[in-house]
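If you number the sequence shown the way the numbering used here does, the last residue is 494 and the count never jumps. Each remark here refers to the structure printed beneath this line.
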Amino acid sequence: MYRALATTNALAAAGFRVTVLTATRETFLRYTGADTSLEDRVDPSIEVVRVPFEWPVLETDLRRWGAGRAFFPRLWQKYRKRLDVKDFPEVGYGPWKGPLEDAARALHADDPVDLVVASANPNVDFTVAEYLHRTAGVPYVMDYRDAWTLDVFTGEQLHPDDSRVAELERTYVEGAREVWFVNEPIRAWHQQRYPAAADRMHVVANGYDPEFAPRARLEPPPAERPLTFGYIGTVSPKVPLEPFAEGWSLARGRTPELAGARAQIWGYLGFYATPSPALQRIVDAHADSGLEYAGPLPKQEVRGAYDTFDALLLILGKGRYVTSGKVFEYTASALPIVSVHDPGNAASDILRDYPLWFPVADLEPTSVAAAVEAAAHAARHATPGQRAACAEFARGYSRDLQLRPRMGALAAGLGHRVDEGVPS
């Protein structure tokens, strides 16, 4: 959501009149969790149109269940999956296609749209772009945050070439004015797959939001205070939380510089508001070693949380195509960064020249412990010059700098300059 927020605000700042189609507030509050403090960050010129969204599979209120679901849950689940993909091949989200297209049609009839920027996932969002392009010739941008047919963790193709998903993606990509990806490996994969659209594919890295980014710390923490390592972000089942926890416990138990140290996990344990029981058990098993789950963190409080950290934990799932938006925000802190992920991850390409980067050699607990210990030493002894070099490294990754070239290109494509105002 941070990327979507930054993109819409950047469009408004470039002079576009922006209307956002999104789900209702209740959808996020009930099912995924929401940081409502971010609503104040939406440019006041932006109009928000909320399109009702139903998510029956996640409905936990038994009073809203029909008799078929209550008495025949397995049959109901099979029926629900078939219904979900009837109009669009995306379980859970497919039925939203109709309401989205209805909203887009009404919007365009009332105030003609000149450009659509569709941000996924869910990938059903792309249908608005394709629909207005097909029916009214409106150009569009596909903004991928991960990928649709590529598993960014395994590198495998998720859908066969003759599937509905593959056919739709080819149609959408080849019809797009621009296609955005978060890193070069993901773009290269798609360029090879869709060579006809290769020159319209661009890397728009996630970057960090300057107004939320941590303040660069150029001085070490007080010598008498135990160190605090921090992680901010979603902990998905793909994240190697258990190898990290074992390595952390090993390092803390044998290294004087880690005496009394804490490792705090801020964010969601899993993808939903309720923490994943399996991930919570891992944290609880290592509580005696100072591992803590601190809960979700509103964006407005992120900068304050960074002020309490002495080193940062970048714990990512395996995958050549995995970067994570937190990489960029982490660099702005000028703190030591421990990378607990496969060395081949795309995040390594970003951090390779960061002066206080401490990657693991592999995900064995002894390797994790060694990286944690090296970062602890740096937290105590890194010089102001080393920290200043980290802050300088981070400057080029602010999100506004990442978006600015694309804003100019989109405006120029519509025959306008960003300083003279552009259509909606």
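Where is the CB? At the ideal position from N, CA and C, for every residue including glycine.
Rounded straight-line distance, which links the Cα of Val186 to that of Ala206: Within the sequence shown, the letter at position 136 stands for residue 206. Within the sequence shown, the letter at position 116 stands for residue 186. Using only the alpha carbons, I get a separation of about 12 Å.
Cβ neighbours of Thr325 in the same chain (closer than 7 Å, five flanking residues each side left out): Stepping through the sequence shown from its first residue, residue 325 is reached at position 255. Answer for Thr325: Glu443 and Ala446, listed in chain order.
Of the residues Gly414, Leu433, Tyr400 and Glu434, the one placed nearest Trp427, counting alpha carbons only: Within the sequence shown, numbered from 1, the residue matching residue 427 stands at position 357. For Trp427, the nearest C-alpha among the options comes from Tyr400.
contact_flag[the segment 74-84, the segment 178-198] where n(CB pairs < 8 Å) is 3 or more: yes
Length of the line joining the Cα atoms of Ser394 and Leu170: On the sequence shown, residue 394 is found 324 positions in, with the first residue counted as 1. On the sequence shown, residue 170 is found 100 positions in, with the first residue counted as 1. If I take the Cα positions, the gap works out to 28 Å.
Anticipated Cβ contact below 8 Å, Ala402 with Ala286, distance rounded: Locating residue 402 in the sequence shown gives position 332, where the first residue counts as 1. Locating residue 286 in the sequence shown gives position 216, where the first residue counts as 1. The Cβ separation is near 7 Å, so the contact holds.
Within-8 Å CB hit, Thr130 to chain B: Among the protein chains of the structure shown there is no chain B, as only one such chain exists.
Given Lys308 as reference, the closest of Val198, Gly389 and Leu484 once Cα atoms are compared: Reading the sequence shown from its first residue, position 238 is the one you call residue 308. Nearest of Val198, Gly389 and Leu484 to Lys308, Cα basis: Gly389.
Best match in Tyr163, Glu226, Ala440 and Thr298 for proximity to Arg263 [C-alpha to C-alpha]: Start at 1 with the first residue of the sequence shown, and residue 263 comes out as number 193. Comparing Cα positions, the closest option is Glu226.
8 Å CB neighbourhood of Met71 in its chain, flanking five on each side removed: The residue you call residue 71 lines up with position 1 of the sequence shown. If we look at Met71 and ignore the five residues flanking it on each side, its Cβ neighbours are Asp105 and Leu108.
Segment limits, beta strand (DSSP E) that includes Leu120: Stepping through the sequence shown from its first residue, residue 120 is reached at position 50. First, the amino acid is wrong: residue 120 is Arg here, not Leu. Here the beta strand (DSSP E) through Arg120 covers Glu117 to Val121.
Element boundaries [beta strand (DSSP E), containing Thr63]: Nothing about residue 63 can be reported from this structure: the residues present for the chain run from 71 to 494 only.
When Ser418, Glu294 and Gly164 are compared against Val397, the one with the closest alpha-carbon: Reading the sequence shown from its first residue, position 327 is the one you call residue 397. Looking at the Cα atoms, Ser418 is the closest of the given residues.
8 Å Cβ cutoff met for Leu384 and Val410: If you number the sequence shown from 1, residue 384 lands on position 314. If you number the sequence shown from 1, residue 410 lands on position 340. A contact, by the Cβ cut-off of 8 Å.
Stretch-stretch touch, CB-based, cutoff 8 Å, three pairs: the segment 308-321 with the segment 260-279: no
Option in Tyr424, Thr92, Gly323 and Ile302 with minimal Cα separation from Gly337: Within the sequence shown, residue 337 is the residue found at index 267, counting from 1. Among Tyr424, Thr92, Gly323 and Ile302, the Cα nearest to that of Gly337 belongs to Ile302.
Outcome for Gly491 when other beta-carbon atoms lying within 10 angstroms are tallied against a minimum of 16: Looking up residue 491 in the sequence shown gives position 421. Residue placement at Gly491 cannot be trusted, given a pLDDT of 48 that sits under 50; the coordinates are not used to answer.
Inter-residue Cα distance where the pair is Leu367 and Pro284: Stepping through the sequence shown from its first residue, residue 367 is reached at position 297. Stepping through the sequence shown from its first residue, residue 284 is reached at position 214. Between Leu367 and Pro284, the C-alpha separation is close to 14 Å.
Same chain, Cβ closer than 8 Å to Leu339, five either side skipped, listed in chain order: In the sequence shown, the residue the question calls residue 339 occupies position 269. Here the set comprises Val305, Pro345, Ser346, Leu349, Gln350, Val353 and Tyr363.
Val186 - containing alpha helix (DSSP H), residue span: For the purposes of this step, residue 186 is taken as the residue at position 116 of the sequence shown. Not the alpha helix (DSSP H): Val186 falls in the beta strand (DSSP E), residues Val186 to Ala190.
Beta-carbon proximity of Tyr467 to Ala179, cut-off 8 Å: Within the sequence shown, the letter at position 397 stands for residue 467. Within the sequence shown, the letter at position 109 stands for residue 179. No. Outside cutoff.
Buried or exposed (CB count within 10 angstroms, at least 16 for buried), Asp412: The residue labelled residue 412 in the question sits at position 342 within the sequence shown. Label assigned to Asp412: buried.
Rounded separation between Arg422 and Gly330 - CA only: The sequence position of residue 422 within the sequence shown is 352, counting from 1. The sequence position of residue 330 within the sequence shown is 260, counting from 1. Between Arg422 and Gly330, the C-alpha separation is close to 30 Å.
Where Tyr101 sits in the DSSP three-state scheme: Along the sequence shown, read from residue 1 onward, the residue named residue 101 stands at position 31. Three-state DSSP puts Tyr101 in a helix.
Glu244 in three-state terms, based on DSSP: As a position in the sequence shown, residue 244 is number 174, starting the count at 1. In the structure shown, Glu244 sits in a helix (DSSP, three-state: H, G or I).
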